[in-house]
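Notes follow once the structure below has been shown.
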Amino acid sequence: LNERGSIVTIVSSLLAAYTPYYGIYPSTKAPVEHFTRAASKEFGERGISVNSVGPGPMNTPFFYGQETEESIAYNKAGAALGKYSKTGLTDIEDIAPLIRFLVTEGWWITGQTIFANGGYTTR
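Counting in the working numbering, the sequence shown runs from 449 upward without gaps.
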């Protein structure tokens with residue numbers, strides 16, 4: 449890994465708040481979030497920023513393949529900005545610019561988890 453580089457891990461917005469239908473999945477992402485914080489300290493002396501992005505439920509085949517109609521409706525209703533989304537869910541176009549920013553101009557941000565989910569898990 450080059451000095452002054454960037455790492456962005458992908459976690460889940462389910463780390464920010466419990467929601468029905470998901471008990472196990474966020475527990476698989478928690479170690480990644482912890483790695484992100486630890487790596488930001490360890491790699492920081494080399495000028496490497498390390499962050500996590502936690503998308504909300506995403507419009508992907510992975511999402512639809514395991515969901516019931518009830519859980520799809522629940523997830524689409526969960527985001528404050530959902531009615532302005534193309535699909536009612538988080539789209540890749542919502543996440544890619546954030547990641548691009550974090551690995552370019554956003555290099556000073558490190559050790560953070562950014563929940564990009566249209567308000568799905570507003571605290």
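Where is the CB? At the ideal position from N, CA and C, for every residue including glycine.
| Item | Value |
| --- | --- |
| Assigned exposure category for Pro509 - 16 Cβ within 10 Å defines buried | exposed |
| Neighbourhood of Gln560 by C-beta distance below 6 Å, restricted to the same chain and skipping five residues each side | Asn499 |
| Residue burial classification, Lys477 (beta-carbon count within 10 angstroms, cutoff 16) | buried |
| Reduced DSSP secondary structure (H/G/I, E/B, other) of Ser533 | coil |
| First and last residue of the uninterrupted beta strand (DSSP E) at Asn499 | 497-503 |
| Cut-off 7 Å between Cβ atoms - residues of its own chain near Lys524, not counting five sequence neighbours on either side | Gly530, Gly536, Leu537 |
| Euclidean distance between Cα positions of Asp542 and Thr570 | 17 Å |
| Expected contact under 8 Å - CB spacing of Ser497 and Ser454 to nearest Å | 5 Å |
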